[in-house]
Amino acid sequence: MSTDDSAEWSDADESLLARLDYTYGSQEGGTEANETCSGRTEVNISADTTVTSDNDITHKSGQDSATHSDSDTCVASRQPPTTGVADKGENPLTSGNFNPLTMFIKSQYFTVTDLTTQLWCEQHMLYALMGIEPQPPEPLEGEVQVPVPLKTADRPEVKAGKSVHLARELEIHDFVKVKISSKGEKWAVHILNLLSAIQGFLSGISVVREVPVFGDPFGTGDLFFGIIDELRFDQETYSVQLSELKTRKSERLPGKAQKKQHIFQVQVYKRLWDNLVRGEFSADHFLTKLSLTEEADQPLSDEIVQLMDASAISAETLRQLLTNVLSAAQSLVCISSTIIEYVQQDTGISIGQTKVQDDEERLLRAFHWCMEFWHGRREVQGVEIEEAWKCHSCEYASICEWRQQKCEEYRLKNALQS
Numbered sequence: 001m002s003t004d005d006s007a008e009w010s011d012a013d014e015s016l017l018a019r020l021d022y023t024y025g026s027q028e029g030g031t032e033a034n035e036t037c038s039g040r041t042e043v044n045i046s047a048d049t050t051v052t053s054d055n056d057i058t059h060k061s062g063q064d065s066a067t068h069s070d071s072d073t074c075v076a077s078r079q080p081p082t083t084g085v086a087d088k089g090e091n092p093l094t095s096g097n098f099n100p101l102t103m104f105i106k107s108q109y110f111t112v113t114d115l116t117t118q119l120w121c122e123q124h125m126l127y128a129l130m131g132i133e134p135q136p137p138e139p140l141e142g143e144v145q146v147p148v149p150l151k152t153a154d155r156p157e158v159k160a161g162k163s164v165h166l167a168r169e170l171e172i173h174d175f176v177k178v179k180i181s182s183k184g185e186k187w188a189v190h191i192l193n194l195l196s197a198i199q200g201f202l203s204g205i206s207v208v209r210e211v212p213v214f215g216d217p218f219g220t221g222d223l224f225f226g227i228i229d230e231l232r233f234d235q236e237t238y239s240v241q242l243s244e245l246k247t248r249k250s251e252r253l254p255g256k257a258q259k260k261q262h263i264f265q266v267q268v269y270k271r272l273w274d275n276l277v278r279g280e281f282s283a284d285h286f287l288t289k290l291s292l293t294e295e296a297d298q299p300l301s302d303e304i305v306q307l308m309d310a311s312a313i314s315a316e317t318l319r320q321l322l323t324n325v326l327s328a329a330q331s332l333v334c335i336s337s338t339i340i341e342y343v344q345q346d347t348g349i350s351i352g353q354t355k356v357q358d359d360e361e362r363l364l365r366a367f368h369w370c371m372e373f374w375h376g377r378r379e380v381q382g383v384e385i386e387e388a389w390k391c392h393s394c395e396y397a398s399i400c401e402w403r404q405q406k407c408e409e410y411r412l413k414n415a416l417q418s
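256 is the number that UniProt numbering gives to position 256 of the sequence shown; each next residue is one higher, with no gaps.
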């Protein structure tokens, strides 16, 4: 569901990349690079560790994974339904028992990127979840057949954006591979990355990147996970700033529709972080939601314990580690300011920044609209006519039922008016 981590954990013996610890000790005269840590993926140990994908977890020697696409994990990475359009030609929306939550969210949690993808076009998101392959547009008479459009994740501009994120990550940390053997150990790496970032702040580090956050930000009982690009901690004012990096193919700032996604994304990140700081998320909720209650009390692997030892972190089980991070988070403060930085992906030159103002009403409205679909309270919706321009670059435009429905509605409307 985004370039965070998000697909369902399936294979037990998977390899995860872990980042190295943050640099502790005297910070005087140090550079920003040695004030943070190195690492990759979603595990923060000693200052930063992160897990990058379902197959790889990296512990930061400095920070979290560059596959920041929450992905937070990408919607398109979810497993398609075992039956449905992808293999039977049926439309599950008309089956009468269509439940998106149980059908697609096999991993038992959402990523923030899941929701931002949904805000762009819910119909597109659904086709991707169902495993439908991109389709070529219908050629007009006399035209040559147009190639099949690339999936969003395979487009050059998307890959270039990931490279920019990775380069920034590597400025402050290295990556360490960590072998994991269970879903619980995967989450242990994520938690270590978060705990490393928190401990880094408390020991004098000013910048951490790719910081995992999780929780139930709106009290709906759902679990959300995301990876914050960058947090800056000012020791003098004891304040935290969130910064989200967005890359652009062009040298122009994004339009209203994309900004809406970006603003929603950072607002949810802020809420997840703030809830952790306020102590508004429990270990029991986390473990129950992810079906980790039994594994939570099993000893962690020797490899993960070694990572913790190197970072002066003490915990024997996932439950203890989770309890430690929830307690440590309450030593910090809520995010005081949030910015989105836009850079040109080829040159790395900054195009501009957007300072995000809190808008609780708009945030809640967008969130509840998203969750109404997941909880089966409404059918899928595509874009309205004002945003039909999105269809021009969509790999599903030629088969889109929503688009066909809207075209027919406007055809009938125009016929009645003529």
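In this text, a Cβ means the ideal position worked out from N, Cα and C, and glycines have one as well.
A quick note: this is a predicted structure, and the numbers were derived from the prediction, not measured.
Burial state of residue i, where buried means 16 or more other Cβ atoms lie within 10 Å
i: Asn414; result: exposed
i: Arg209; result: buried
i: His392; result: exposed
i: Arg411; result: exposed
i: Asn193; result: buried
i: Lys355; result: exposed
i: Arg271; result: buried
i: Asp216; result: buried
i: Arg365; result: exposed
i: Cys400; result: buried
i: Asn99; result: exposed
i: Thr102; result: exposed
i: Thr196; result: Sequence check: residue 196 is Ser here, not Thr. Per the 10 Å Cβ criterion, buried.
i: Pro299; result: exposed
i: Gln405; result: exposed
i: Leu416; result: exposed
i: Gln199; result: buried
Range covered by the alpha helix (DSSP H) that runs through residue i
i: Pro100; result: Pro100 to Phe104
i: Arg319; result: Leu318 to Ala329
i: Glu409; result: Glu401 to Gln417
i: Glu303; result: Asp302 to Ala310
i: His262; result: Lys256 to Val277
i: Ala128; result: Glu122 to Leu129
i: Phe286; result: Ala283 to Lys289
Whole-angstrom distance between residue j and residue i, CA atom to CA atom
i: Gly348; j: Glu185; result: 36 Å
i: Asp358; j: Ser418; result: 46 Å
i: Gln261; j: Lys106; result: 24 Å
i: Met308; j: Glu295; result: 18 Å
i: Ile191; j: Val383; result: 37 Å
i: Tyr127; j: Thr237; result: 47 Å
i: Ser206; j: Leu321; result: 24 Å
i: Thr113; j: Gly226; result: 8 Å
i: Ser203; j: Ser311; result: 12 Å
i: Glu122; j: Ile385; result: 14 Å
i: Ser337; j: Leu242; result: 6 Å
i: Glu361; j: Ser250; result: 32 Å
i: Ser398; j: Cys407; result: 12 Å
i: Trp187; j: Leu290; result: 10 Å
i: Phe233; j: Thr247; result: 24 Å
i: Tyr396; j: Lys177; result: 37 Å
i: Glu303; j: Glu280; result: 31 Å
i: Gln353; j: Leu231; result: 16 Å
For residue i, the residue or residues it bridges with in DSSP
i: Gly226; result: Val213
i: Phe110; result: Phe224
i: Glu357; result: What sits at residue 357 in the sequence shown is Gln, not Glu. Note: Gln357 sits in no beta bridge, so no partner.
i: Lys246; result: Tyr342
i: Pro299; result: Thr317
i: Gly352; result: Tyr342
i: Val240; result: Phe233 and Ile335
i: Val383; result: According to DSSP, which records beta bridges pairwise, Val383 is partnered with nothing at all.
i: Val207; result: Arg232
Terminal residues of the beta strand (DSSP E) in which residue i lies
i: Ser337; result: Ile335 to Gln344
Beta-carbon proximity check, residue i vs residue j, cutoff 8 Å
i: Lys390; j: Leu292; result: no
i: Leu119; j: Phe264; result: yes
i: Met266; j: Val333; result: For clarity, residue 266 is Val in the given sequence; the question names Met instead. Not a contact, by the Cβ cut-off of 8 Å.
i: Asp229; j: Leu245; result: yes
i: Cys370; j: His124; result: no
i: Asp297; j: Arg319; result: yes
i: Ala283; j: Thr317; result: no
i: Phe286; j: Phe367; result: no
i: Gln345; j: Ile351; result: no
i: Ala257; j: Glu341; result: no
i: Trp273; j: Ile335; result: yes
i: Phe110; j: Leu129; result: no
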